[in-house]
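A.B. asks: Dumping the structure here so I can ask a few things about it.
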């Protein structure tokens with residue numbers, strides 16, 4: 145009897161220990177108390193097993209500040225994090241919880257892990273040879289799991305974090321100006337033909353207006369690139385807010401990236417957002433003297449299209465647009481589209497930029513013979529003009545496409561994408577513009593590596609030139625950045 149009692153007590157003790165272990169196992173997955181020891185900006189590459197192939201480099205960054213992990217919503221802005229639970233402790237243990245493109249994801253591991261390799265299945269191509277992915281030893285590979293929509297369970301992944309610099313410093317200045325927020329009705333115009341035909345699902349877009357007491361002089365519209373991170377755009381607005389114009393910041397990427405993906409935020413959508421902004425502001429505040437557009441990267445391509453005569457004939461409000469500043473200009477090589485002589489276009493690039501290189505805009509200038517297209521180049525690389533970026537450095541993970549593929553537009557607005565080695569092309573007129581095109585573009589045009597970051601000397605010259613154009617009405621040839 146005593147032996148039975150002892151056996152029962154032993155079982156109870158073991159079960160109690162198991163219960164304690166089960167109680168603790170959940171928190172063990174997460175990191176401990178947040179520590180600033182590993183603070184910085186990190187790019188990441190991920191490789192997942194499963195029926196769907198993930199992108200190797202997402203394009204955005206994780207920011208670790210005071211031990212808490214956030215996402216800068218840059219690049220494609222594909223990650224949405226649980227910022228209360230995502231953290232790093234003083235031993236380097238990291239736990240990140242969130243969603244990528246609506247797929248629930250958890251990353252865990254240790255930033256000090258020096259494991260050299262993980263076996264990774266890659267359906268489109270092998271990584272590092274024989275399905276082995278060799279990560280950055282210094283920062284380690286982390287284990288990850290992701291649950292795709294429609295899957296019953298998580299699939300294993302490997303993620304490699306690479307520290308690229310300190311926590312980005314925000315340039316914050318006191319701003320007592322009144323902000324008026326309006327909502328415009330735009331459309332999801334996926335491509336230039338749907339834009340020309342005024343097609344696409346309606347979309348509500350938030351716009352911030354400032355300096356409305358100067359609306360009689362005109363309106364400067366800051367359009368976004370293809371990312372919800374609007375730090376650059378807020379910075380741009382502050383630079384041009386002193387020039388005696390009303391200003392508008394269009395938050396067009398927000399609704400398209402913070403809910404289920406319906407397609408990329410294209411340059412055609414960006415331009416339609418600008419058109420809808422002009423029309424709504426005109427309706428609310430009366431006729432505007434002129435409109436100036438300013439934007440970067442994909443937004444710069446939208447601005448270039450603001451000069452297309454076919455679109456200006458379709459949308460009369462576009463005829464108010466007199467100037468366009470294409471920052472980090474994503475120029476096509478060839479454009480046969482009829483270009484208006486009522487708009488001055490400034491293609492702005494860093495001299496050492498390998499992402500949106502200035503020689504592509506030179507190709508456009510030479511092929512189009514457009515007298516109203518002016519090339520402006522300054523010292524520095526990609527995003528040389530924005531203090532939202534750390535000082536210039538070569539980023540091996542920064543994705544780009546223009547050095548690999550050229551964009552070309554026919555006179556009927558159809559786009560042709562060509563690999564520069566002459567091996568392949570995508571003719572939109574014959575092959576369309578939906579998912580197949582985006583997939584082809586990703587597989588054949590995307591590469592990595594560029595000098596990127598703030599360059600004070602070039603930035604000062606550029607913003608002085610902007611003032612010379614808008615305020616002083618100087619001729620383009622007198623500008624510091626003017627390039628033949």
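Residue numbers (my numbering): 145 to 628. Backbone N, C-alpha and C fix where the C-beta goes; we use that ideal spot for every residue, glycine too.
Might you give, ordered along the chain, the residues of its own chain that have their beta carbon closer than 7 Å to the beta carbon of residue 564, omitting 5 neighbours on each side?
C.D. replies: Excluding sequence neighbours, residue 564 sits near 548, 549 and 550.
A.B. asks: Under 7 Å, do residue 511 and residue 473 count as touching if we go by C-beta distance?
C.D. replies: The answer is no: Cβ separation not under 7 Å.
A.B. asks: Can you check whether the CB of residue 509 is closer than 7 Å to the CB of residue 520?
C.D. replies: Result no, Cβ atoms of residue 520 and residue 509 do not sit closer than 7 Å.
A.B. asks: Report yes or no: do three or more beta-carbon pairs, one from the stretch 480 to 497 and one from the stretch 437 to 454, lie closer than 8 Å?
C.D. replies: Judged by Cβ distances under 8 Å, the stretch 480 to 497 makes contact with the stretch 437 to 454, as three or more pairs qualify.
A.B. asks: Excluding the 5 residues flanking residue 593 on each side, which residues of the same chain have their C-beta closer than 6 Å to its C-beta?
C.D. replies: Closer than 6 Å at the Cβ level, and outside the excluded window around residue 593, lie 540.
A.B. asks: Could you check the C-alpha separation between residue 371 and residue 620 for me, to the nearest Å?
C.D. replies: If you take the alpha carbons of residue 371 and residue 620, they lie about 30 Å apart.
A.B. asks: Can you list, in chain order, the stretches of the alpha helix (DSSP H) that have 4 or more residues and sit fully within the stretch 494 to 556?
C.D. replies: DSSP runs (the alpha helix (DSSP H)) wholly in the stretch 494 to 556: 502 to 512.
A.B. asks: Just curious, the beta strand (DSSP E) that residue 452 is in, first and last residue?
C.D. replies: Residue 452 -> no beta strand (DSSP E), and no H or E assigned at all.
A.B. asks: Do you know whose CA, among 414, 562 and 528, lies nearest residue 476's CA?
C.D. replies: Selected option, being the one with the closest Cα: 562.
A.B. asks: Relative to the C-alpha of residue 238, which candidate in 368, 366 and 207 has its C-alpha closest?
C.D. replies: Closest by alpha carbon: 207.
A.B. asks: Report the partner residues of residue 436 according to the DSSP bridge assignment.
C.D. replies: Paired residues: 364 and 467.
A.B. asks: Is the distance from the Cβ of residue 500 to the Cβ of residue 412 below 7 Å?
C.D. replies: No; because the gap between Cβ atoms is not below 7 Å, this pair is not in contact.
A.B. asks: Got a sec? Which residues, its chain only, sit under 6 Å from residue 309 by beta carbon, not counting five neighbours each side?
C.D. replies: Closer than 6 Å at the Cβ level, and outside the excluded window around residue 309, lie 185 and 534.
A.B. asks: Going by DSSP, what residues sit across from residue 307 in a beta bridge?
C.D. replies: DSSP, once it has assigned bridges, lists 186 as partnering residue 307.
A.B. asks: Does residue 400 come out as helix, strand or coil in the three-state DSSP assignment?
C.D. replies: If DSSP states are grouped into helix, strand and coil, residue 400 belongs with the helices.
A.B. asks: Tell me the residue span of the beta strand (DSSP E) that contains residue 225.
C.D. replies: Where residue 225 is concerned, the enclosing beta strand (DSSP E) stretches over 223 to 225.
A.B. asks: Within 7 Å of any Cβ in chain B, is that where the Cβ of residue 603 sits?
C.D. replies: Here there is only one protein chain, and chain B is not present.
A.B. asks: Alpha carbon to alpha carbon, how far is residue 617 from residue 623?
C.D. replies: Looking at the two C-alpha atoms, the distance is approximately 11 Å.
A.B. asks: Tell me whether the stretch 176 to 185 and the stretch 228 to 244 touch, counting them as touching only if at least three CB pairs, one residue from each stretch, are closer than 8 Å.
C.D. replies: Short answer: they touch.
A.B. asks: Quick check: the stretch 325 to 344 against the stretch 409 to 423, are at least 3 beta-carbon pairs closer than 8 Å?
C.D. replies: Contact between the stretch 409 to 423 and the stretch 325 to 344 is present, because at least three Cβ pairs lie under 8 Å.
A.B. asks: Out of 248, 305, 287 and 291, state which residue places its alpha-carbon closest to the alpha-carbon of residue 205.
C.D. replies: Per the Cα distances, 305.
A.B. asks: In the DSSP assignment, what are the bridge partners of residue 481?
C.D. replies: According to DSSP, residue 481 bridges with nothing at all.
A.B. asks: Out of 466, 249 and 322, state which residue places its alpha-carbon closest to the alpha-carbon of residue 293.
C.D. replies: Among 466, 249 and 322, the Cα nearest to that of residue 293 is on 249.
A.B. asks: What's the gap between the Cα of residue 506 and the Cα of residue 364?
C.D. replies: Cα to Cα, residue 506 sits roughly 26 Å from residue 364.
A.B. asks: Between the C-alpha atoms of residue 579 and residue 625, what's the straight-line distance to the nearest angstrom?
C.D. replies: Spanning the two alpha carbons is a distance of roughly 39 Å.
A.B. asks: Span of the alpha helix (DSSP H) holding residue 359?
C.D. replies: From DSSP, residue 359 is part of no alpha helix (DSSP H); its letter is neither H nor E.
A.B. asks: Where do the ends of the alpha helix (DSSP H) carrying residue 422 lie?
C.D. replies: Where residue 422 is concerned, the enclosing alpha helix (DSSP H) stretches over 411 to 429.
A.B. asks: Tell me whether residue 476 sits in a helix, a strand or coil according to DSSP, three-state version.
C.D. replies: Note: residue 476 maps to coil in three-state DSSP.
A.B. asks: By the three-class DSSP mapping on this structure, what secondary structure does residue 394 have?
C.D. replies: DSSP places residue 394 in strand when its eight states are reduced to three.
A.B. asks: Please go through the same chain and pick out, in chain order, the residues whose beta-carbon is closer than 8 Å to the beta-carbon of residue 165, but skip the five residues on each side of it.
C.D. replies: Caution applies to residue 165, whose pLDDT of 28 falls short of 50 and renders its modelled position unreliable; the model cannot decide the point.
A.B. asks: If contact is defined by three or more beta carbon pairs under 8 Å, each pair taking one atom from either stretch, is the stretch 375 to 394 in contact with the stretch 347 to 366?
C.D. replies: Touching, per the Cβ criterion.
A.B. asks: Where does residue 566 land, buried or exposed, given buried means 16+ other C-beta within 10 angstroms?
C.D. replies: The residue in question, residue 566, is exposed, as its Cβ has fewer than 16 Cβ neighbours within 10 Å.
A.B. asks: Is it buried or exposed, residue 610, if we count other Cβ atoms within 10 angstroms and call 16 or more buried?
C.D. replies: It is buried - the Cβ of residue 610 has at least 16 other Cβ atoms within 10 Å.
A.B. asks: Which of the three DSSP states, helix, strand or coil, is assigned to residue 312?
C.D. replies: Correct three-state label for residue 312: coil.
A.B. asks: Since residue 349 sits in a beta bridge, which residues does DSSP pair it with?
C.D. replies: Answer is 328, bridged to residue 349.
A.B. asks: Compare the Cα-Cα distances from residue 382 to each of 525, 431, 489 and 530 and report the closest residue.
C.D. replies: Of the listed residues, the one whose Cα sits closest to residue 382 is 530.
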